[in-house]
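Engineer: The structure is given below, and queries will be raised subsequently.
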Amino acid sequence: MHFETRCVHVGVSKDETYNSVTTPIYPTSTFAWDGIGKTRGYDYTRSGNPTRRALEENLISLEGGIDCRATCTGMSAINAVMHLFQPGDHIIAGHDIYGGTYRLFDSVFSNAGLKFSFVDMGDMENIRKAVTPQTKCIWIETPSNPLLNLVDIAGCVEIAKSTGAITIADNTFMSPYFQRPLELGVDIVVHSMTKYLNGHSDVVAGCIISKHKEHAERVGYIVNALGLACSPFDAWLVLRGVKTLGPRMEAHQRGAMALATFLSKHPKVEKVYYPGLPDHPHYALAKSQMTGFGAMLSFDVRGGRELAEQVMTKSKLFSMAESLGGVESLIEHPDTMSHVSMDLPARRAGGITEKTLRVSVGIEHPDDLIADMQFALETA
């Protein structure tokens, strides 16, 4: 079946009693046993739940893995995969990754004995130079958050394999509709399902899709042991949202491309970060490893923090808020919002400045979004 068809049908036909066309919600915390050692597949919802498993089946199909574990947040998914490693292990990550990921790596797991190198992963040579005998993982976030820099996925896989490390990719920005890292050799994919997979800004959830049995078994054990599983109702919300992933992503991208083109010509805009623009430094790489350019973009205003704040507050259609991937458009200031958990030197090293704004383009009509942004810029 085609991708859009799998979005709608995989993990859905579970009700053999009444033939419901939507997946039932099993909100129970526990399941009765038929006898000692005899269950009907589930015993306790932290360990497994039919609604959550239906969603996991859907995501396995979309990303092309062999198993999936749905978690309670995107950060819990990252937390879980970091427990694959031991004190002394070394992980290479980008210097411009999501602030919450950076905080978890730099302030939590570093204190637990893991070693991290944050490098500019746009240049493969930087990754090669960062490799040590203790390197166990290359963490891939592409496009990066918030500056939309791309990482060569296949190149990272090649380096990892030559050194005995694994690759883990955060595919939140693109969704499996526009990018499928497992097909490019990545071992594990994580998502914040809060974003495009759900798509309606009404749930927080995450997932981990594994390509290999040993990772799948270990991830399943970790998620259960740490109590990180997604609730049945949240799983049902994501399974509902993912049905429209294909048409939503097309609508998101349509608006993002139009808005990025408009911004690139506006006199109050210094720079636009969007991989769909031909002048983006990674435009060719984007075309080679993605099937679309996505809905996230950032731009620098010709001014400082005051001008950036005025643009956000004068907009009527772009809500000033963190998060992304919903049907409504959002705008935020990474330096004081989504990436404030990174210290100032780290933000500046990653290219985030006080004049940078990040936009999550919704599914509104592009003409309305452009008119609203034009008003915000010209009255700021």
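For the sequence shown, numbering that gives the first Met the number 0 assigns the number 0 to the initial residue and increments by one for each residue that follows. Beta carbons are placed, not taken as given, at the ideal position from N, Cα and C, and that holds for glycine.
Return the chain-ordered ranges of every alpha helix (DSSP H) run that is complete within the stretch 16-73 and spans a minimum of 4 residues.
Structural biologist: Runs of the alpha helix (DSSP H) inside the stretch 16-73: 49-62.
Engineer: Label Lys354 either buried or exposed according to how many other C-beta atoms from any shown protein chain fall within 10 Å of its C-beta, with 16 as the threshold for buried.
Structural biologist: Here residue 354 refers to the residue found at position 355 of the sequence shown. Buried, because 16 or more other Cβ atoms sit within 10 Å of the Cβ of Lys354.
Engineer: How long is the line joining the alpha carbons of Arg239 and Gly98, rounded to whole angstroms?
Structural biologist: Position 240 of the sequence shown, counted from the start, is the residue given in the question as residue 239. Position 99 of the sequence shown, counted from the start, is the residue given in the question as residue 98. If you take the alpha carbons of Arg239 and Gly98, they lie about 29 Å apart.
Engineer: Taking just the CA atoms, how far does Asp42 sit from Ala31?
Structural biologist: Numbered from 1 along the sequence shown, position 32 holds the residue referred to as residue 31. Numbered from 1 along the sequence shown, position 43 holds the residue referred to as residue 42. Their Cα atoms are separated by approximately 7 Å.
Engineer: Near Ala250, what residues of its chain come up, given a Cβ to Cβ distance below 7 Å and the 5 sequence neighbours on each side ignored?
Structural biologist: Here residue 250 is taken as the residue at index 251 of the sequence shown, counted from 1. So the qualifying residues of the chain are Ile362.
Engineer: Distance, Cα to Cα, Glu182 vs Gly93?
Structural biologist: Here residue 182 refers to the residue found at position 183 when the sequence shown is read from its first residue. Here residue 93 refers to the residue found at position 94 when the sequence shown is read from its first residue. So the two alpha carbons sit approximately 21 Å from each other.
Engineer: Leaving out the 5 sequence neighbours to the left and right, which residues in its chain are closer than 8 Å to Asp334 when beta-carbon positions are compared?
Structural biologist: The residue you call residue 334 lines up with position 335 of the sequence shown. The residues are Arg304, Arg346, Ile351, Thr352, Glu353 and Thr355.
Engineer: Roughly how many whole angstroms lie between the Cα atoms of Ala307 and Lys267?
Structural biologist: Working through the sequence shown from its first residue, we reach residue 307 at position 308. Working through the sequence shown from its first residue, we reach residue 267 at position 268. Their Cα atoms are separated by approximately 10 Å.
Engineer: Considering Asp105, what are the terminal residues of the alpha helix (DSSP H) in which it resides?
Structural biologist: In the sequence shown, residue 105 corresponds to position 106, counting from 1. Counting along the chain, Asp105 falls outside any alpha helix (DSSP H), and DSSP gives it neither H nor E.
Engineer: Within its chain, find whatever has a CB closer than 7 Å to the CB of Val310; leave out the 5 residues flanking it on each side and keep chain order.
Structural biologist: By 1-based counting over the sequence shown, the position of residue 310 is 311. Excluding residues within five positions, the ones whose Cβ falls inside 7 Å are Val300, Leu356, Ala375, Leu376 and Ala379.
Engineer: Which residue comes first and which comes last in the alpha helix (DSSP H) that contains Lys264?
Structural biologist: Counted from its first residue, the sequence shown places residue 264 at position 265. That residue, Lys264, is in no alpha helix (DSSP H); it is neither H nor E in DSSP.
Engineer: Looking at the secondary structure, which residues open and close the beta strand (DSSP E) in which Met295 lies?
Structural biologist: Position 296 of the sequence shown, counted from the first residue, corresponds to residue 295. Element bounds for Met295: Met295 to Val300.
Engineer: Shortest alpha-carbon distance to Thr27 belongs to which of Asn48, Thr38 and Tyr17?
Structural biologist: Here the question's residue 27 lines up with position 28 in the sequence shown. The residue among Asn48, Thr38 and Tyr17 with its C-alpha nearest the C-alpha of Thr27 is Asn48.
Engineer: To test your reading of the DSSP string, which unbroken beta strand (DSSP E) runs of 3 or more residues are found completely within the stretch 192-225?
Structural biologist: Qualifying beta strand (DSSP E) stretches, in chain order: 205-209.
Engineer: Inspect the CB distances between the stretch 104-114 and the stretch 153-171 and report whether three or more fall short of 8 Å.
Structural biologist: no
Engineer: To the nearest angstrom, report how far apart Phe172 and Asp33 are at their CA atoms.
Structural biologist: The residue labelled residue 172 in the question sits at position 173 within the sequence shown. The residue labelled residue 33 in the question sits at position 34 within the sequence shown. About 44 Å.
Engineer: Taking the Cβ atom as the reference point for each residue, do Gly391 and Phe177 lie within a distance shorter than 7 Å?
Structural biologist: In the structure displayed, the chain extends from 0 to 379; residue 391 sits before or after that span and is not available.
Engineer: Please look up how many angstroms separate the CB atoms of Leu54 and Val188, rounded, as I've assumed it's under 8 Å.
Structural biologist: Here residue 54 refers to the residue found at position 55 of the sequence shown. Here residue 188 refers to the residue found at position 189 of the sequence shown. Actually they are not in contact, since the Cβ atoms of Leu54 and Val188 sit about 15 Å apart, beyond 8 Å.
Engineer: Can you tell me whether Glu15 is buried or exposed, with buried defined as 16 or more other CB within 10 angstroms of its CB?
Structural biologist: As a working note, residue 15 is residue 16 in the sequence shown. Answer is exposed; the Cβ neighbour count stays below 16.
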